[in-house]
Every structure is written in structure tokens, then in C-alpha cells.
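Heads up, the thing below is written out as C-alpha cells.
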Amino acid sequence: ADAIVNGKALNITGGPVTMRERRFTCRGCGNEWGVPFGAARPDKCPKCGASGPRRSPADLGAAHEHGRGKCCGRLK
Numbered sequence: 117a118d119a120i121v122n123g124k125a126l127n128i129t130g131g132p133v134t135m136r137e138r139r140f141t142c143r144g145c146g147n148e149w150g151v152p153f154g155a156a157r158p159d160k161c162p163k164c165g166a167s168g169p170r171r172s173p174a175d176l177g178a179a180h181e182h183g184r185g186k187c188c189g190r191l192k
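Counted the way my numbering counts, the sequence shown spans residues 117 to 192.
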């Protein structure tokens, strides 16, 4: 916070950073697949073509696990 507020240099070190993919599940056939971060949200299942895939329950993230997500009504 001090570096940001006071304009100081910020040095971040470590190894390469990789982003995992977002996981989706088909509402029709149950197919699960991944989409790289930065790619558009899929509008249909690549296996059966059904529309409206949803995020995989295993991939909803910490906000959902702790009851802070939109589905829990705490984020607007």
C-alpha cells in the first residue's frame, strides 16, 4: 500500500505466472470443458451445441465458497 499511495517502486519477484482456465459445464449433456482466461465466454456447448453453459461448480472461486458472490446476494 505504501508503494501505491506514495509512488514508491514496487519490485515483484518469483517464477513465471500462469493463469488456469475457466471451467464450464453444459446444462444439456453435462460436458465439462475449459476456456483460457481472456477468451470470450462460450455461448454453447462444443459437444452437443446446447446454449447457456454455466460455470463449473468446482470453478466458481473463493467468493462463491465464502458466500460473498452475486448468487448469495452480497455483491451487486
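Think of the CB as a built atom: it goes at the ideal place given N, C-alpha and C, for glycine as much as any other residue.
As the structure is a prediction and not an experimental result, all values here were calculated from the model.
Item, Value
"Beta-carbon proximity check, Arg139 vs Gly150, cutoff 8 Å", "yes"
"Cβ neighbours of Glu148 in the same chain (closer than 8 Å, five flanking residues each side left out)", "Arg139, Phe140, Thr141, Cys142 and Ser172"
"Neighbourhood of Ile120 by C-beta, 8 Å cutoff - its chain only, sequence neighbours within 5 removed", "Leu126"
"Cys161 classed as buried or exposed, judged by whether at least 16 other C-beta atoms fall within 10 angstroms", "buried"
"Val121: first and last residue of the uninterrupted alpha helix (DSSP H) it sits in", "Asp118 to Asn122"
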